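The sequence shown lines up with residues 6 to 111 when you count with the working numbering.
Think of the CB as a built atom: it goes at the ideal place given N, C-alpha and C, for glycine as much as any other residue.
In this text, all values refer to a predicted model and were calculated from it rather than measured experimentally.
Below is one structure, written out as structure tokens; comments come after it.
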Amino acid sequence: MTGRLTGLVKALRSHGLRIGPGETVDAAAALEALGLADRERAREGLAAALLHRESQRAVFDPVFDLYFPAGVGVPVRGDGDRDALRERLVAALAADDQALLARLAG
Numbered sequence: 006m007t008g009r010l011t012g013l014v015k016a017l018r019s020h021g022l023r024i025g026p027g028e029t030v031d032a033a034a035a036l037e038a039l040g041l042a043d044r045e046r047a048r049e050g051l052a053a054a055l056l057h058r059e060s061q062r063a064v065f066d067p068v069f070d071l072y073f074p075a076g077v078g079v080p081v082r083g084d085g086d087r088d089a090l091r092e093r094l095v096a097a098l099a100a101d102d103q104a105l106l107a108r109l110a111g
């Protein structure tokens, strides 16, 4: 999670946003408290910690989507049922669904 946050901050800085160490620490604390289970909640928490003006959302939102794609933080294995996982793997392999295979492996 730290690597994604660090990458997000670097990318935002490269787009001209002024984000200091204090904002980065606040963002890490927000992400730790909120987790990634609810992606939109994490987005809003990070935006609150990192942004100074509403106009910065035009840069923040697409960069957030790159560093925190929809599959990040979403539990894939459910209750840990091996048979269900096996069925999902078979279906992903049969469909050559590389994205699903990567999520299941993660």
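Return the chain-ordered list of same chain residues with a C-beta closer than 7 Å to the C-beta of residue i, the five sequence neighbours on each side being excluded.
{"i": "A99", "result": "none"}
{"i": "L36", "result": "M6, L10, A47, G50, L51"}
{"i": "I24", "result": "V14, L17, R18, L55"}
{"i": "G12", "result": "Y72"}
Within its chain, find whatever has a CB closer than 6 Å to the CB of residue i; leave out the 5 residues flanking it on each side and keep chain order.
{"i": "A16", "result": "V68"}
{"i": "L105", "result": "A97"}
Closest by CA to residue i, which one among the options?
{"i": "H20", "options": "Q61, E92, E37", "result": "Q61"}
{"i": "A75", "options": "R44, E92, L90", "result": "R44"}
{"i": "G40", "options": "F73, R108, G12, E92", "result": "F73"}
Only counting the same chain, and skipping five residues up and downstream in sequence, which positions put a Cβ closer than 8 Å to that of residue i?
{"i": "L56", "result": "L22, R62, F65"}
{"i": "D102", "result": "A96"}
{"i": "A38", "result": "G50"}
{"i": "A53", "result": "A35"}
{"i": "G27", "result": "none"}
First and last residue of the alpha helix (DSSP H) that includes residue i?
{"i": "Q103", "result": "103-110"}
{"i": "A75", "result": "Careful: A75 lies outside any alpha helix (DSSP H) and carries neither H nor E."}
{"i": "L56", "result": "Premise fails: L56 is in no alpha helix (DSSP H) and is neither H nor E."}
{"i": "L112", "result": "The chain is shown from 6 up to 111; residue 112 falls before or after that span and cannot be answered."}
In this structure, does DSSP put residue i in helix, strand or coil?
{"i": "D31", "result": "helix"}
{"i": "D43", "result": "coil"}
{"i": "R23", "result": "coil"}
For chain D, is any of its Cβ atoms less than 8 Å away from the one on residue i?
{"i": "E45", "result": "The structure shown contains no chain D; it is built from a single protein chain."}
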